[in-house]
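Each protein sequence line maps, in turn, to chains A and B.
Quick note: the first sequence uses the numbering used here, first residue 1, plus one each step.
Quick note: the second sequence uses the numbering used here, first residue 1, plus one each step.
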Amino acid sequence: MSPIDKHNRLDRRALCRAVLADRGDMLVIAGLGAPAWDITAAGDRAENLPLWGGMGGAAMIGLGLALAQPKRKVLVITGDGEMLMGMGSLATIAVKQPPNLAILVEDNEHYGETGMQETHTKHGVDLVAIAQGAGFKRTMRVTKPDEVEGLRAAIHANGLLFASAKIGVENFPLVLPPREGAFLQARMREAILGPQAHHQT
Amino acid sequence: MQDDSSHQRTDSAVSWPDQIFDLLKSHAIRQVALVPDAGHSRLIRRCLADNSMEVVSLTSEEEGIAMLAGAWLGGDKGILLMQSSGVGNCINMLSLSILHRTPMPMIVTMRGDFGEFNPAQVPMGNATQTVLEAMGTLVRRADHPEDVAPTVDATIRLAFNTLRPTATLIGQRVLGAKTFGKD
Numbered sequence: 001m002s003p004i005d006k007h008n009r010l011d012r013r014a015l016c017r018a019v020l021a022d023r024g025d026m027l028v029i030a031g032l033g034a035p036a037w038d039i040t041a042a043g044d045r046a047e048n049l050p051l052w053g054g055m056g057g058a059a060m061i062g063l064g065l066a067l068a069q070p071k072r073k074v075l076v077i078t079g080d081g082e083m084l085m086g087m088g089s090l091a092t093i094a095v096k097q098p099p100n101l102a103i104l105v106e107d108n109e110h111y112g113e114t115g116m117q118e119t120h121t122k123h124g125v126d127l128v129a130i131a132q133g134a135g136f137k138r139t140m141r142v143t144k145p146d147e148v149e150g151l152r153a154a155i156h157a158n159g160l161l162f163a164s165a166k167i168g169v170e171n172f173p174l175v176l177p178p179r180e181g182a183f184l185q186a187r188m189r190e191a192i193l194g195p196q197a198h199h200q201t
Numbered sequence: 001m002q003d004d005s006s007h008q009r010t011d012s013a014v015s016w017p018d019q020i021f022d023l024l025k026s027h028a029i030r031q032v033a034l035v036p037d038a039g040h041s042r043l044i045r046r047c048l049a050d051n052s053m054e055v056v057s058l059t060s061e062e063e064g065i066a067m068l069a070g071a072w073l074g075g076d077k078g079i080l081l082m083q084s085s086g087v088g089n090c091i092n093m094l095s096l097s098i099l100h101r102t103p104m105p106m107i108v109t110m111r112g113d114f115g116e117f118n119p120a121q122v123p124m125g126n127a128t129q130t131v132l133e134a135m136g137t138l139v140r141r142a143d144h145p146e147d148v149a150p151t152v153d154a155t156i157r158l159a160f161n162t163l164r165p166t167a168t169l170i171g172q173r174v175l176g177a178k179t180f181g182k183d
């Protein structure tokens with residue numbers, strides 16, 4: 001698959017696959033909708049938590065996980081609409097500065113699951129500038145295929161990161177993860193904590 | 001007998017925030033998410049002074065529901081401290097706690113509940129228990145100082161033993177109503 005679409009924008013599935021290549025023991029939270037399908041298309045596994053709801057909460061789930069597992073990299077991949085709903089969490093996360101957390105917004109400037117209505121990023125709202133203003137010291141804007149490997153390296157490097165990748169508006173075939181949230185939670189806990197995860201009280 | 005019990009009431013009236021802090025420690029609560037409330041101020045100071053706790057001040061209470069879902073994914077136990085007005089901000093995010101079966105204990109200090117002065121606090125205060133229960137949360141109230149610690153203890157046990165959102169509502173009768181100098 002070409003990493004770029006006919007409008008010269010990044011292909012979200014190719015971007016996601018490239019970012020998740022050789023991921024090691026990285027833990028991945030995906031915001032509801034297309035980002036959840038994207039990480040699943042790249043390969044469903046216990047270290048993935050694709051969200052089916054909780055819009056606006058993906059980055060904060062990443063914070064709680066990053067604080068609980070300081071030795072593991074945590075990546076939140078979410079959409080522009082989901083991130084706009086949780087913008088306050090950028091302030092909360094910047095104050096905590098967890099060095100093992102990275103947030104990647106796949107920004108297609110539209111609400112993809114509800115009929116492609118435009119989001120605020122289509123009208124000039126700059127999530128990278130907002131993250132910088134909140135106190136993220138490492139930020140990235142990605143628009144070209146040759147920047148994707150640098151993005152992957154930045155995610156794996158030490159230090160809190162906020163990145164925005166402008167992607168195309170194409171909708172790809174659905175690749176759905178399991179819908180049982182208790183299973184999704186339990187399998188990640190087991191992957192991190194071992195079988196005793198199911199006996200924690 | 002009577003003297004002893006009134007003595008106990010007096011102690012609890014002063015020390016229930018410290019009793020909650022001791023419970024957080026005995027239950028190995030490591031992440032404390034909060035939006036400040038005057039009723040929680042002593043407990044918040046105790047948590048901030050404890051270097052083994054991650055205390056996270058939120059811009060909105062729903063961030064705490066999401067954060068504690070992540071904490072539990074990574075094996076950390078957490079708790080959310082907030083005022084009753086903040087419960088309204090949490091409602092949709094509680095969908096995740098139900099779907100994922102995440103232990104989600106909350107300690108809510110009530111406004112709009114008992115002798116309230118501010119009319120804007122009444123609608124959410126009056127609805128707090130109803131909306132939490134509508135979102136599958138087991139709610140227990142403490143309206144006397146000596147009830148606070150056992151109720152919080154039960155709330156934490158219910159959350160982590162039975163994998164669901166739970167809440168203790170600490171009544172305004174315990175906290176004393178804010179009067180804006182009008183008493």
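Where a beta carbon is used, it is the ideal one built from N, C-alpha and C, also for glycine.
Handout entry: Counted within 10 angstroms of its Cβ, other Cβ atoms place PRO177 (chain A) as buried (16 or more) or exposed
Key = For the purposes of this step, residue 177 (chain A) is identified with residue 177 of the first sequence, where counting begins at 1. Answer is buried; the Cβ neighbour count reaches 16.
Exercise for the section: Take the Cβ of ARG45 (chain B) as the centre, count every other Cβ of all protein chains shown within 10 Å, and call the residue buried at 16 or more, exposed below. Expected result: Taking the first residue of the second sequence as 1, we reach residue 45 (chain B) at position 45. Classified as exposed, ARG45 (chain B) has fewer than 16 neighbouring CB atoms from the shown chains inside 10 Å of its CB.
Practice task
Spatial neighbours of LEU51 (chain A) within its chain, please: CB distance less than 8 Å, with the 5 preceding and 5 following residues excluded, ordered by chain position.
Solution key: Indexing the first sequence from 1 puts residue 51 (chain A) at position 51. Cβ neighbours of LEU51 (chain A) beyond the five flanking positions: ILE29, ALA30, GLY31, LEU32, ALA36, GLY57, ALA58, ILE61.
Practice task
Report the partner residues of ASP107 (chain A) according to the DSSP bridge assignment.
Solution key: In the first sequence, the residue the question calls residue 107 (chain A) occupies position 107. The partner list for ASP107 (chain A) (beta bridge, DSSP) reads A:LYS166.
Handout entry: Complete alpha helix (DSSP H) runs within the segment 91 to 127 of chain B (minimum length 4 residues, chain order)
Key = Fully enclosed alpha helix (DSSP H) runs of 4 or longer: 94 to 100.
Problem - Coil, strand or helix - LEU63 (chain A) by DSSP - result: What you label residue 63 (chain A) is simply residue 63 of the first sequence in a count that begins at 1. Of the three classes helix, strand and coil, the one that applies to LEU63 (chain A) here is helix, per DSSP.
Problem - Cross-chain neighbours of ARG42 (chain B) in chain A, by beta carbon under 8 Å - result: Indexing the second sequence from 1 puts residue 42 (chain B) at position 42. In chain order: nothing, as chain A lies at least about 22 Å away.
Practice task
Please work out which residues of its chain come closer than 8 Å, Cβ to Cβ, to HIS198 (chain A), disregarding the five sequence neighbours upstream and downstream, and give them in chain order.
Solution key: Residue numbering aside, residue 198 (chain A) sits at position 198 when the first sequence is read from its first letter. Closer than 8 Å at the Cβ level, and outside the excluded window around HIS198 (chain A), lie ALA186, ARG189, GLU190.
Exercise for the section: Output the distance between the C-alpha atoms of VAL32 (chain B) and LEU67 (chain A), rounded to the nearest integer angstrom. Expected result: Here residue 32 (chain B) is taken as the residue at index 32 of the second sequence, counted from 1. Here residue 67 (chain A) is taken as the residue at index 67 of the first sequence, counted from 1. The straight-line gap from Cα to Cα measures roughly 11 Å.
Problem - Residue-level contact to chain A via CB, GLY75 (chain B), 8 Å cutoff - result: Translated into the one-based positions of the second sequence, residue 75 (chain B) becomes position 75. Closer than 8 Å: yes.
Practice task
May I ask you to report which of helix, strand or coil DSSP gives MET82 (chain B)?
Solution key: If you number the second sequence from 1, residue 82 (chain B) lands on position 82. The three-state reading of DSSP puts MET82 (chain B) in strand, counting E and B together.
Problem - LEU10 (chain A), buried or exposed, once every other Cβ within 10 Å from all chains shown has been counted against 16 - result: Numbered from its first residue, the first sequence carries residue 10 (chain A) at position 10. By the neighbour-count rule (16 or more Cβ atoms within 10 Å), LEU10 (chain A) is buried.
Practice task
With DSSP as the reference, label SER60 (chain B) as helix, strand or coil.
Solution key: Walking along the second sequence from the start, residue 60 (chain B) turns up at place 60. Collapsing the DSSP output to three states places SER60 (chain B) in coil.
Handout entry: Cutoff 8 Å: GLY168 (chain A) Cβ touching any chain B Cβ
Key = For this step, residue 168 (chain A) is matched to residue 168 along the first sequence. Nearest CB-CB separation between GLY168 (chain A) and chain B: not below the 8 Å threshold.
Problem - Cβ contact (3+ pairs, closer than 8 Å) linking the segment 164 to 178 of chain A and the segment 101 to 115 of chain A - result: In short, these stretches touch, since the Cβ pair count reaches three.
Exercise for the section: Please confirm whether ASN171 (chain A) and GLY112 (chain A) have their CB atoms less than 8 Å apart. Expected result: As a working note, residue 171 (chain A) is residue 171 in the first sequence. As a working note, residue 112 (chain A) is residue 112 in the first sequence. Contact: yes.
Problem - Cross-chain neighbours of VAL35 (chain B) in chain A, by beta carbon under 7 Å - result: Position 35 of the second sequence, counted from the first residue, corresponds to residue 35 (chain B). Listed along chain A is no residue with a C-beta nearer than 7 Å to that of VAL35 (chain B); the closest approach is about 10 Å.
Practice task
Measure the alpha-carbon distance for CYS90 (chain B) versus GLU62 (chain B) and round it to whole angstroms.
Solution key: As a first step, residue 90 (chain B) is located in the second sequence; it is residue number 90 there, counting from the start. As a first step, residue 62 (chain B) is located in the second sequence; it is residue number 62 there, counting from the start. Taking the straight line joining both Cα atoms gives about 4 Å.
Practice task
For chain B, find out if any of its Cβ atoms is closer than 8 Å to the Cβ of ALA36 (chain A); answer yes or no.
Solution key: Locating residue 36 (chain A) in the first sequence gives position 36, counting from the first residue. Taking Cβ atoms only, chain B never reaches closer than 8 Å to ALA36 (chain A), which makes this a no.
Handout entry: Exposed unless 16 or more other CB atoms sit within 10 angstroms - verdict on LEU84 (chain A)
Key = Within the first sequence, residue 84 (chain A) is the residue found at index 84, counting from 1. Burial is judged here by how many other beta carbons sit within 10 angstroms of a residue's own beta carbon; LEU84 (chain A) has at least 16 and is buried.
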